[in-house]
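At position 66 of the sequence shown (counting the first as 1) the number is 66 in the UniProt record's numbering, and the numbers step up by one without a gap. Idealized CB from N, CA, C, for every residue including glycine. Here is the structure we will look at.
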Amino acid sequence: MAIMADAARLPLQVWAAETPRAVIIGLHGMNDYANAFAAPGAWFAGQGITFYAYDQRGFGRAPGRGLWAGRGQMVRDLRTVLALVRGKHPDVPIYLLGTSMGGAVAISALRGAEAGALPADGVILAAPAVWGWSNLNPLYKTSLWLGAHVLPGQKLSGQGLEIWPSDNVEMLRRLGADPLVLKETRIDAVYGLVGLMEEAYQSAGALDMPVLLLYGARDEIIPPEAVRGLVASLKAPARVVYYKNGYHMLMRDLQAETVWRDIAAWMAAPAAPLPSGEELPLACFANGGRACAP
1 MAIMADAARL PLQVWAAETP RAVIIGLHGM NDYANAFAAP GAWFAGQGIT FYAYDQRGFG
61 RAPGRGLWAG RGQMVRDLRT VLALVRGKHP DVPIYLLGTS MGGAVAISAL RGAEAGALPA
121 DGVILAAPAV WGWSNLNPLY KTSLWLGAHV LPGQKLSGQG LEIWPSDNVE MLRRLGADPL
181 VLKETRIDAV YGLVGLMEEA YQSAGALDMP VLLLYGARDE IIPPEAVRGL VASLKAPARV
241 VYYKNGYHML MRDLQAETVW RDIAAWMAAP AAPLPSGEEL PLACFANGGR ACAP
């Protein structure tokens, strides 16, 4: 357990390397929980990288299940966990790895001066959730605002949507059977998520540490235009990997180990070529890949 400043206890999972050369803190996506990193966590531990992940407030086994804790609280929780992990590992580099919503939380926590002396050495954004108000069409904006203010407790299930978050069907079936994975989402939580995504989208340019951004060509959750806009705003040392067979759940897709290997390689040598060979120059990715190749 990780104990927060307000005494809330957030479940913490650890995949420990015997003698860690680096540490990752994983931030899960919407409606998920720390166990999302079970497979990559074990793999990274085998590579000498200790992996921590915690249930964010409102998700999994954490307090307030199903309720949106708010951007401020989620950021404070991350900063507390990061400080705790740094206290345990004072002499090794620590990286944040945010998937989807977790990526938005990481960006919001790490942005520029607001982060102060936040003890992180870099951030990995795997299909970051940056589809905020700026990228929503007017109909979606109006419908969501009305729903959040008139029927905030109404729940949405997403059933019937022809969307594939991953090509790993067995993994998706396990998630469907896992009682700790939320199957319905309150409208006010969706509203809060969109606000968080907008915050992350607008804040990415203030990141001042190394960034590795991972995105799949088959991502049906976060539109490429939103991710391209984020990439175009980055001023920190950044690299982008665009997986032609990647879906939204890159860390758990069938080709997940390809992604893990790229992350480990970048952590070991931030400027060296990545094993997948699927990196794109920042400007190339930002303009949609026109007139350039990996």
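Length at least 3, wholly inside the region 217-277: the beta strand (DSSP E) runs in chain order: 238-243
Minimum C-alpha distance to valine 211 - residue among His248, Gly192 and Pro237: Pro237
Run through DSSP, which three-state label would lysine 141 get? helix
Kindly indicate the opening and closing residues of the beta strand (DSSP E) around tryptophan 15. 12-15
Indicate the three-state DSSP secondary structure (helix, strand or coil) for serine 108 in the structure shown. helix
Tyrosine 33 vs valine 85 beta-carbon contact at 7 Å: no
Identify whether isoleucine 24 lies in helix, strand or coil by the three-state DSSP scheme. strand
Is DSSP giving lysine 183 helix, strand or coil here? coil
Alpha carbon to alpha carbon, how far is alanine 206 from threonine 258? Give it in angstroms, no decimals. 29 Å
Look at the Cβ atom of glycine 147, then the Cβ atom of isoleucine 187, and state whether they are nearer than 7 Å. yes
What would DSSP say about alanine 283, mapped onto helix, strand or coil? helix
One question on the structure: do leucine 254 and glycine 216 come within less than 7 Å of each other, judged by their Cβ atoms? no
Taking all protein chains shown into account, do 16 or more other C-beta atoms lie within 10 angstroms of the C-beta of histidine 248, making it buried, or fewer, making it exposed? buried
How far does the alpha helix (DSSP H) with threonine 80 in it reach, from first residue to last? 71-88
First through last residue of the beta strand (DSSP E) which encompasses phenylalanine 51: 49-54
Compute the distance between the beta-carbons of glycine 60 and leucine 172, then report whether it is under 7 Å. no
Just checking, does the region 90-101 make contact with the region 15-23 on the three C-beta pairs under 8 Å criterion? yes
Applying the criterion that 16 or more other CB atoms from any shown protein chain within 10 Å of the CB defines a buried residue, is glycine 87 buried or exposed? exposed
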